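When you read off a place in the sequence shown, starting at 1, and then add 136, the result is the number in my numbering.
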Amino acid sequence: MSHPQQEAKPLAQPPDGGTRAWLVTLGCWCAFFVTFGWINAIGVFQEYYQQHLLRDYSPSTIAWIPACETSMMFAGGLVFGKLFDSYGPVAELLIGSFLHVFGLMMTSLSTEYYQIFLSQAICSAVGSSCVYYACAGSIVTWFERKRSTAFGIAASGSSIGGVVFPIMVFKLIPRVGFPWTMRITAFVVLGLLVVTNLTVRSMITHAPKPFTVREYLLPFRELRFSLLVAAMTMFSFGLFLPFNFLVLQAQSIGMSNDLSEYMIAVLNAASFFGRTLPGPAADRFGRFNVMIVTMVLAGVVVLAAWIPATTNATVIVFAILYGFFSGAYVSLGPTLLAQISDISQIGIRNGSLYFVVSIAALTGNPIAGALENADHGGFTYLQIFAGVTTCVGGLLMLVTRISMTGMKWAVI
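In structure tokens:
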């Protein structure tokens with residue numbers, strides 16, 4: 137059945153606060169806890185699968201599981217962004233919540249590579265993506281001046297999730313086994329998603345619009361949009377590699393298993409501040425300006441701190457610094473897009489942007505796994521790849537900003 141094409145219309149000016157707006161922020165916080173927070177914790181599975189459940193497979197093969205999980209989170213925007221523009225977040229949240237929880241429950245029953253891949257990397261990830269885009273599209277409709285601050289608060293949920301989930305998994309597996317660990321995780325996810333479904337709504341009215349390929353391609357005619365896509369895609373090649381390989385690298389330099397288990401939690405704890413503190417700074421000094429600084433510094437930290445990290449102390453220092461500087465990518469990225477977009481088209485433009493980003497998220501991990509093999513189990517090649525791609529992403533973000541205002545200083 138076809139629908140006449142209509143535009144989503146704002147109900148009023150974004151209130152930039154108030155009970156309703158902050159309840160939406162709370163719901164988004166819970167959603168980011170169980171979506172990006174879960175993605176930020178998947179490095180624990182790379183280590184567990186390599187050493188236990190899938191030890192007969194190469195690191196590069198195993199790396200396809202977290203790579204596809206991350207990629208599906210981003211790529212789903214191509215569909216879910218469009219659905220948000222047309223129908224709003226309510227149905228999207230219900231469907232996504234079911235798929236995420238169902239996928240985790242099915243992972244608890246999985247013993248073969250293909251079973252884990254389908255349940256964890258596909259089903260759960262598709263559900264996460266559905267929930268994420270419903271929330272990312274909703275929260276920006278409630279804020280304008282304080283958009284970066286609000287999104288930063290919501291995105292901090294992913295940092296807390298990234299602290300809680302790795303510790304949960306590491307502590308529960310020896311006590312209750314892998315199957316019950318995944319079931320307990322699924323119940324935690326379900327509880328938080330109940331809050332999300334009750335609180336998250338959009339402030340604009342949504343009307344069904346016909347699907348056309350042209351609307352996905354149209355944003356790429358804008359130079360600043362295309363440059364933003366290029367910058368965020370290049371950065372994403374290296375962004376998740378420390379999350380996925382830091383535990384293994386720490387163990388390779390002699391860190392005990394007990395201490396290395398906390399490295400992802402340390403990284404995510406630092407990213408809490410990296411996702412909240414840059415928000416107010418971005419609203420004051422410019423979102424693009426703050427994003428450029430944090431992206432470049434994240435790359436510099438990889439090259440200057442991770443490569444020479446050969447002691448427990450230096451690995452911990454790297455985890456803290458990288459967690460902080462990389463944190464802004466998650467909290468500021470959607471606000472940059474909202475700044476250069478018609479808010480009624482935020483879903484479709486989110487989808488177009490993050491579909492391209494998903495290609496980097498999909499291939500980055502297997503490339504890193506192949507580099508680990510080529511380095512005979514070492515991590516230097518992988519670290520160089522992560523550092524160079526994140527630095528180049530930051531420089532491309534600078535080019536994006538220059539294309540908008542030239543070399544002069546401006547709050548943008």
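Backbone N, C-alpha and C fix where the C-beta goes; we use that ideal spot for every residue, glycine too. Here the structure is a predicted model, which means the values were calculated and not measured.
462 is the residue among 462, 423, 361 and 275 whose C-alpha sits nearest the C-alpha of residue 407. Residue 538 sits in a helix when the DSSP states are folded into three classes. The alpha carbon of residue 272 has as its nearest neighbour, out of 221, 307 and 231, the alpha carbon of 221. For the pair residue 430 and residue 280, the Cα-to-Cα distance works out to about 22 Å. Residue state for residue 340 is assigned as strand, using DSSP reduced to three classes. Look at residue 397 here: in three-state DSSP terms it is coil, with no helix or strand label. Within its own chain, the residues whose Cβ lies closer than 6 Å to the Cβ of residue 207, once the five positions on either side in sequence are excluded, are 494, 497 and 498, listed in chain order.
Rounded to whole angstroms, the gap between the alpha carbons of residue 199 and residue 364 is 27 Å. Secondary structure of residue 346 (DSSP, three-state): coil. Taken atom to atom, the span from the alpha-carbon of residue 474 to that of residue 195 is near 38 Å. A Cβ-Cβ contact shorter than 8 Å links residue 464 with residue 426. Excluding sequence positions up to five before and after residue 328, its CB lies within less than 8 Å of the CB of 166, 167, 169 and 170, all in the same chain and listed in chain order.
As for any alpha helix (DSSP H) of minimum length 4 sitting wholly inside the segment 287 to 374, the runs are 349 to 353, ordered along the chain.
One thing to note: residue 490 has its Cβ within 8 Å of the Cβ of residue 213.
Residue 386 sits away from residue 299, with the two beta carbons spaced by 8 Å or more.
In the three-state scheme derived from DSSP, where H, G and I count as helix and E and B as strand, residue 423 is classed as helix.
Inter-segment contact for the segment 316 to 323 and the segment 241 to 251 is present: three or more beta-carbon pairs are separated by less than 8 Å. With respect to the 8 Å criterion, residue 306 and residue 180 are classified as neighbours on the basis of their beta carbons.
C-alpha of residue 446 to C-alpha of residue 511: approximately 16 Å in a straight line. Taking the Cα of residue 227 as reference, the smallest distance to any Cα among 263, 211 and 530 is reached at 263. Cα atoms of residue 187 and residue 205: separation of roughly 20 Å, rounded to the nearest angstrom. Under the three-pair Cβ rule at 8 Å, the segment 253 to 269 does not count as touching the segment 521 to 537.
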